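Okay, structure first, notes after.
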Amino acid sequence: MRAARTVLISGASVAGPALALQLKRHGFAPTVVERAPELRAGGYKVDIRGTAIEVCRRLGLLDAVRAHSTDMAGGSYVDDTGRTIGELPADIFGGRVEGDDEVMRGDLARILYERTRDEVEYVFGDSIASLDDDGDGVDVVFASGARRRFDLVVGADGMHSNTRRLVFGDERRFKRHLGAYISIYTAPNHLGLTRWETYHALPGKLVCVYSSAGESSAKNLFVFRSPEELAYHHRDVAAQKRLLGEAFAGDGWEIPRLLGHAADADDFYFDSISLIEMDRWSRGRVVLLGDAAHCASPASGQGTGLALTGAYVLAGELAAAGGDHRRAFAEYERVMRPGVELNQRMAEGFVKEMVVDTRWKIALRMFMVRTLPRTPWKNLIAKKIRDDIQKAANAIPLKEYEAHEAYGSHEPYGVRGAYGAREAHATGRASA
Ligand SMILES: Cc1cc2nc3c(=O)[nH]c(=O)nc-3n(C[C@H](O)[C@H](O)[C@H](O)COP(=O)(O)OP(=O)(O)OC[C@H]3O[C@@H](n4cnc5c(N)ncnc54)[C@H](O)[C@@H]3O)c2cc1C
């Protein structure tokens, strides 16, 4: 079988550009197609911890990631009048340990894009319309009408993956709604926050406003329970803004003002908190990566870390297998799946914690927030939270994959032979 060389990646957020970066290093020729007309801004602050920190280090991204750290100092809960109920430092809020980091999703996507844009072909404003895998390659027809043939296709196009729909079928077969929705957008920082997040809890709802290091604006974040799935299209932003307004209609504190900012937000994000669960992530020459394969939901706090790690593993396995996609895809899935499943199970628990459903549970939580900093068992509770999060963040054993000697050449890693030696090396070490 001819070694794979050309790889079409659908999606230019986190998983897609991270894969392109690493494939290029291994001597492949990646092309990234993104439906949006330009790199998409916006999104939540995302945790980079455990294995994902090591992936960033190996990809040479860690300094850039650290330079964009949100550097949050902590957060507080407020009541209806805006009075502070209790404050918690950032490490307890985030379950972080020394070395973990947090960046805005948009900053991370930009770092990855800027690292790759000169060496990787990016096509914005287009999308895969159909693909035909004949066993030797994949013929792709784009929405623009362009036709091209690639050795492999990777769907890194998120929870609502177009590639997954085309190859594996309807999203409803794989998506499991966890009973809540999340929305976030940039807004004026009228609360005057600096590296601080302010939470307000209501039965079945949570509102958070925060501003991270170096930001003059704020992010308005809303989470609300909805056991039933809401009817709207995932690209119908007007409908999403309306649904958000309906969910928080009549609520107090700063909520009417915060909602008012949604109308002008050009980075408005709204989605269900859901898992994507699939029996397998590849079919023939097409493979899924990141949220497209295994969305763990915002409740996991690990979607971005898993996307980065998956990109590193998939590129590394393709290189180690000398471009033999069958071996590479099988090994990629074997390495990733147990860690992915652990994170998905954690997300199911966290989503219930994120938004409590009754007034007395909110009162209990506020009591804990108020008293926790003063209790002698504060460190024990913080340690328990940290240990659970760290276990999940370090669940994927990371091998070392050699970069192609002639970094930047278009010759695939495997074509030079001696795959055996490289694979022995590649399968040797686990750092976590
Ligand atoms: C604008 C934006 C905001 C986000 N905000 C949050 C947030 O607040 N909280 C949170 O937990 N997660 C958020 N996410 C999801 C988060 O980025 C992912 O969970 C995680 O980083 C994994 O990334 P991914 O690259 O696998 O998928 P995603 O980040 O979802 O990226 C998928 C990419 O594929 C593109 N795409 C979609 N369809 C097509 C198509 N047909 N053809 C080509 N490209 C396509 C999308 O435009 C996007 O750039 C956001 C994603 C985006 C794109």
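Going by the working numbering, the first residue of the sequence shown is number 573, and it counts up by one from there.
Here a beta-carbon is modelled for each residue, glycine too, at the ideal position from N, C-alpha and C.
Keep in mind the model is a prediction, meaning the values are calculated, not measured.
Nearer than 6 Å: is that true of the beta carbon of residue i relative to any heavy atom of ligand 1?
i	result
serine 582	yes
tyrosine 904	no
arginine 607	yes
proline 589	no
serine 585	yes
isoleucine 756	yes
threonine 876	yes
arginine 937	no
glycine 862	yes
tyrosine 841	yes
asparagine 792	no
alanine 718	no
tyrosine 616	yes
asparagine 915	no
glycine 764	no
proline 870	yes
glycine 730	yes
arginine 689	no
serine 699	yes
Measuring CB to CB, does residue i end up less than 7 Å from residue j?
i	j	result
phenylalanine 746	methionine 676	no
lysine 692	lysine 596	Reading the sequence as shown, one finds valine at residue 692 and not lysine. Their beta carbons are under 7 Å apart, which means valine 692 touches lysine 596 by this criterion.
threonine 642	glutamate 674	yes
phenylalanine 840	tyrosine 757	yes
leucine 660	serine 755	no
isoleucine 700	valine 712	yes
histidine 897	alanine 681	no
methionine 918	alanine 964	yes
aspartate 679	histidine 640	yes
valine 618	leucine 880	no
alanine 900	leucine 914	no
alanine 601	threonine 688	no
proline 589	tyrosine 685	yes
threonine 623	asparagine 951	no
alanine 868	phenylalanine 922	no
aspartate 705	glycine 856	yes
valine 725	valine 858	yes
serine 844	tyrosine 753	yes
aspartate 863	glycine 873	no
cysteine 780	glutamate 787	no
arginine 806	histidine 732	It is worth fixing the name first, because residue 806 is histidine in this sequence and not arginine. Taking 7 Å as the Cβ cut-off, histidine 806 and histidine 732 qualify as a contacting pair.
Taking the straight line between their C-alpha atoms, what separation do you get for residue i and residue j?
i	j	result
methionine 940	phenylalanine 794	22 Å
threonine 578	isoleucine 657	56 Å
tryptophan 853	aspartate 635	32 Å
valine 808	alanine 865	According to the sequence as given, residue 808 is aspartate; it is not valine. Cα-Cα distance, rounded: 23 Å.
glutamate 977	tyrosine 616	Confidence at glutamate 977 is low in this model, with a pLDDT of 47, below 50, so its placement is unreliable and no value can be given for it.
alanine 645	serine 784	9 Å
leucine 750	glycine 888	33 Å
arginine 721	alanine 811	37 Å
isoleucine 953	leucine 936	16 Å
alanine 613	aspartate 838	9 Å
proline 760	aspartate 651	21 Å
valine 912	proline 969	12 Å
tyrosine 979	tryptophan 949	With a pLDDT of only 41 at tyrosine 979, under the threshold of 50, the placement of this residue in the model should not be trusted; the figure read from the coordinates follows. Each residue's alpha carbon lies about 52 Å from the other.
glycine 727	arginine 909	17 Å
lysine 791	glutamate 974	40 Å
alanine 834	glutamine 916	30 Å
isoleucine 1010	alanine 587	Because the chain spans 573 through 1004 in this model, residue 1010 falls outside it and cannot be assessed.
leucine 631	isoleucine 957	29 Å
isoleucine 581	glutamine 594	12 Å
valine 604	methionine 938	46 Å
arginine 797	arginine 931	14 Å
Considering only the alpha carbon of each residue, which of the options lies closest to residue i?
i	options	result
lysine 933	Phe840, Gln916, Arg621 and Pro775	Pro775
serine 585	Glu626, Ile827 and Gly730	Gly730
tyrosine 771	Pro760, Phe722 and Leu830	Leu830
glutamate 606	Glu626, Arg621, Thr735 and Phe722	Thr735
leucine 703	Ala821, Phe740 and Asn761	Phe740
arginine 767	Ser789, Pro948, Ala773 and Tyr753	Ser789
glycine 541	Ser846, Ala811, Leu890 and Leu861	Here the chain comprises residues numbered 573 to 1004, so residue 541 is not present and cannot be evaluated.
alanine 773	Lys955, Gly894 and Val928	Val928
phenylalanine 696	Ser844, Leu633, Gly875 and Ser716	Ser716
With H, G and I counted as helix, E and B as strand and the rest as coil, what does DSSP make of residue i?
i	result
glycine 911	helix
methionine 850	coil
alanine 592	helix
lysine 971	coil
asparagine 966	coil
proline 602	strand
alanine 954	helix
proline 945	helix
So that I know if they touch, is there some Cβ in chain B lying closer than 7 Å to that of residue i?
i	result
glycine 727	Of the chains in the structure shown, none is chain B; there is only one protein chain.
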